[in-house]
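Just so you know, numbering that gives the first Met the number 0 puts the end of the sequence shown at 266, numbered straight through with nothing missing.
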Amino acid sequence: MTDFTQLSLQVAEVARRAGAFIRQEAAGFDRSRIQVKGVHDLVSYVDQESEKMVVAGLRELLPEAGFITEEGTAGAPNRAEEFTWIIDPLDGTTNFIHGLPCYSVSIALMQGSELVVGVVYEVNLDECFRAVRGGGAFCNEQPIRVSTATELNHSLIATGFPYSNFARIDTYLPILKEFMRRTNGVRRVGSAAVDLAWVAAGRFEGYFEFNINSYDVAAGILLVREAGGRVTQFRHEGDPVFGREVVASNGHVHDEMQAVIAEFWPA
Numbered sequence: 000m001t002d003f004t005q006l007s008l009q010v011a012e013v014a015r016r017a018g019a020f021i022r023q024e025a026a027g028f029d030r031s032r033i034q035v036k037g038v039h040d041l042v043s044y045v046d047q048e049s050e051k052m053v054v055a056g057l058r059e060l061l062p063e064a065g066f067i068t069e070e071g072t073a074g075a076p077n078r079a080e081e082f083t084w085i086i087d088p089l090d091g092t093t094n095f096i097h098g099l100p101c102y103s104v105s106i107a108l109m110q111g112s113e114l115v116v117g118v119v120y121e122v123n124l125d126e127c128f129r130a131v132r133g134g135g136a137f138c139n140e141q142p143i144r145v146s147t148a149t150e151l152n153h154s155l156i157a158t159g160f161p162y163s164n165f166a167r168i169d170t171y172l173p174i175l176k177e178f179m180r181r182t183n184g185v186r187r188v189g190s191a192a193v194d195l196a197w198v199a200a201g202r203f204e205g206y207f208e209f210n211i212n213s214y215d216v217a218a219g220i221l222l223v224r225e226a227g228g229r230v231t232q233f234r235h236e237g238d239p240v241f242g243r244e245v246v247a248s249n250g251h252v253h254d255e256m257q258a259v260i261a262e263f264w265p266a
């Protein structure tokens with residue numbers, strides 16, 4: 000039987016090593032080595048090398064596991080495997096490229112359809128968030144919990160903006176406007192993994208985003224749940240890992256958040 004607590008500590012070290020590489024490269028980053036997948040979708044050699052480091056480290060820890068990765072360096076995913084790593088080697092690439100110091104390494108492990116390990120390493124703050132199914136959530140090995148705010152008008156909310164598919168932008172903007180009106184504020188950090196980690200740590204009361212990928216949110220979803228929060232899709236429980244839309248909260252303001260979204264988001 001796999002000891003997921005011990006494994007999570009080893010995964011945290013893998014994330015820290017990748018983060019150290021990213022931090023080193025940030026000091027002298029060569030912007031001529033950027034690949035443009037789309038005007039809003041950039042990738043650098045740092046993403047690719049970080050992913051190779053993470054994949055190699057995780058293969059040593061759990062050789063039988065498959066991979067879902069952003070840059071595809073581990074080959075095609077096989078969802079039939081018992082264990083699957085879900086990796087974003089540099090979540091917040093655009094921030095990184097522009098020298099904005101907020102980006103992370105995100106690593107999750109699924110056993111079947113269940114998240115069992117989640118690690119998010121915020122590179123510049125040197126904060127390593129770690130969660131194990133049924134074992135709680137931690138930041139730099141100190142326990143964390145979601146905030147105790149019970150109303151949206153006492154809440155700080157995070158979101159992300161669409162960057163590749165703008166088909167629903169006219170639906171999203173009224174939702175954003177309503178959250179701006181009904182909360183203490185809305186923040187756009189630029190790393191979904193960090194958004195979720197900060198919900199888990201009680202810094203944000205909630206987070207929502209659509210057109211989002213599993214490798215952006217998988218680790219953070221487990222962090223929020225293990226810190227006492229709730230994560231769903233926009234209008235129902237659904238599958239927030241693979242469902243392309245996420246609402247995460249401290250639990251207390253979740254129904255209010257879903258109600259705001261439901262005013263504008265089609266069923």
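All C-beta atoms, glycine included, are put in the ideal place defined by N, C-alpha and C.
If you draw a straight line from the C-alpha of residue i to the C-alpha of residue j, how long is it?
i, j, result
"Lys286", "Ala266", "This structure does not reach residue 286, given that the chain is present from 0 up to 266, and the question cannot be answered."
"Gly117", "Leu172", "31 Å"
"Phe209", "Gly189", "14 Å"
"Ser146", "Val198", "8 Å"
"Ile211", "Arg243", "5 Å"
"Arg186", "Ala11", "27 Å"
"Gly132", "Ile106", "Note that residue 132 is Arg in the sequence shown here, rather than Gly. Roughly 14 Å between the two C-alpha positions."
"Gly205", "Gly184", "11 Å"
"Ile21", "Thr1", "30 Å"
"Ala64", "Gly227", "28 Å"
"Ala192", "Phe165", "21 Å"
"Asp100", "Arg144", "The amino acid at residue 100 is misidentified as Asp; the sequence shows Pro. If you take the alpha carbons of Pro100 and Arg144, they lie about 25 Å apart."
"Met109", "Phe82", "6 Å"
"Val259", "Ile174", "7 Å"
"Thr68", "Tyr214", "6 Å"
"Cys138", "Val45", "25 Å"
"Glu140", "Gly159", "28 Å"
"Glu62", "Ala55", "Per the sequence shown, the amino acid found at residue 62 is Pro instead of Glu. In a straight line, the C-alpha of Pro62 is about 10 Å away from that of Ala55."
"Ile85", "Cys127", "17 Å"
With 16 as the cutoff for other CB atoms within 10 Å, does residue i come out buried or exposed?
i, result
"Glu255", "buried"
"Phe207", "buried"
"Asn94", "buried"
"Asp125", "exposed"
"Ile156", "buried"
"Asp169", "exposed"
"Tyr120", "buried"
"Ser112", "exposed"
Could you have a look at residue i and say whether DSSP puts it in helix, strand or coil?
i, result
"Trp264", "coil"
"Phe95", "helix"
"Thr158", "strand"
"Leu114", "strand"
"Glu121", "strand"
"Gln5", "helix"
"Leu108", "strand"
"Leu221", "helix"
"Val38", "Summary for Val38: the model assigns pLDDT 48, below 50, so the residue's position carries little reliability, and this model does not support an answer."
"Glu59", "helix"
"Asp194", "helix"
Could you pull out every residue in the same chain whose Cβ sits closer than 7 Å to the Cβ of residue i, ignoring the five residues on either side in sequence?
i, result
"Ala17", "Ser49, Met52, Val53, Pro88 and Val104"
"Gly237", "Thr231"
"Ser7", "Val116, Val118, Arg129 and Val131"
Near residue i, which residues of its chain fall below 8 Å by C-beta distance, leaving aside the five closest residues on each side in sequence?
i, result
"Pro239", "Val216, Ile220, Val230, Thr231, Gln232, Val245, Val246 and Ala247"
"Thr149", "His251 and Val252"
"Arg234", "Gln257, Ile260, Ala261, Trp264 and Ala266"
"Asn292", "Limits of the chain in this structure are 0 at one end and 266 at the other, which puts residue 292 out of reach."
Near residue i, which residues of its chain fall below 6 Å by C-beta distance, leaving aside the five closest residues on each side in sequence?
i, result
"Glu225", "Ala130, Gly135 and Ala136"
For the region 199–255, list the beta strand (DSSP E) runs that are entirely contained and at least 3 residues long, ordered along the chain.
Within the region 199–255, the runs of beta strand (DSSP E) at least 3 residues long that lie entirely inside it are, in chain order, 205–209, 229–231 and 244–248.
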